[in-house]
Amino acid sequence: MNNFEWLEKAKNRINTLPVGTTFEVKELFDSIEWGELSAKERQSFGRYFSSNYNDGQINNICRVDDGRRGPNKYIKE
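Be aware that the sequence shown starts at 7, since it is given in this note's numbering, and climbs by one per residue.
Here it is in C-alpha cells:
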C-alpha cells in the first residue's frame with residue numbers, strides 16, 4: 007500500500023463530493039478496495055490522512071468534532 011497514492015485517490019474523491027457532505031476516510035474508497043487492506047493498514051492510512059489534514063495539505067474539508075471516540079469525521083467545505 008502506498009499512502010501517497012491513496013491520499014491522491016482520497017483528494018480526488020473529496021473533490022467530487024457535494025459541499026456539506028460529512029464523511030469518514032473509509033467512505034472515500036470502494037468498500038472492496040478498503041476491505042482488502044489489513045486493519046493495521048487502514049489505521050495507518052487514517053493517521054496519514056489526518057496528519058496531512060493537520061499540515062494543511064487537504065484544504066477543502068474541516069474536521070467534525072462530535073465528542074466521540076473512533077474514526078475522525080470530516081465535512082466538505
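Quick reminder that beta carbons are idealized off the backbone N, C-alpha and C, glycines included.
For residue i, which of the options has the nearest alpha-carbon?
i, options, result
"Ala16", "Tyr54, Arg75, Gly76, Glu42", "Tyr54"
"Asn65", "Glu83, Arg75, Arg74, Lys79", "Glu83"
"Asn78", "Thr22, Asp61, Val25, Glu33", "Glu33"
"Asn58", "Glu42, Asp72, Val31", "Val31"
Going along the chain, which residues of its own chain have a beta-carbon closer than 8 angstroms to the beta-carbon of residue i, five neighbours each way excluded?
i, result
"Asn9", "Ser50, Phe51, Tyr54"
"Glu3", "Past the edges of the chain, shown from 7 to 83, lies residue 3, and the structure says nothing about it."
Please go through the same chain and pick out, in chain order, the residues whose beta-carbon is closer than 6 angstroms to the beta-carbon of residue i, but skip the five residues on each side of it.
i, result
"Ile81", "Thr28, Cys68, Val70"
"Trp4", "Because the chain is modelled from 7 through 83, residue 4 falls outside the range shown and cannot be assessed."
Compare the beta carbon distance of residue i and residue j with 7 angstroms and say whether it is the shorter of the two.
i, j, result
"Met7", "Glu47", "yes"
Roughly how many whole angstroms lie between the Cα atoms of residue i and residue j?
i, j, result
"Ala45", "Gly76", "14 angstroms"
"Leu23", "Arg74", "24 angstroms"
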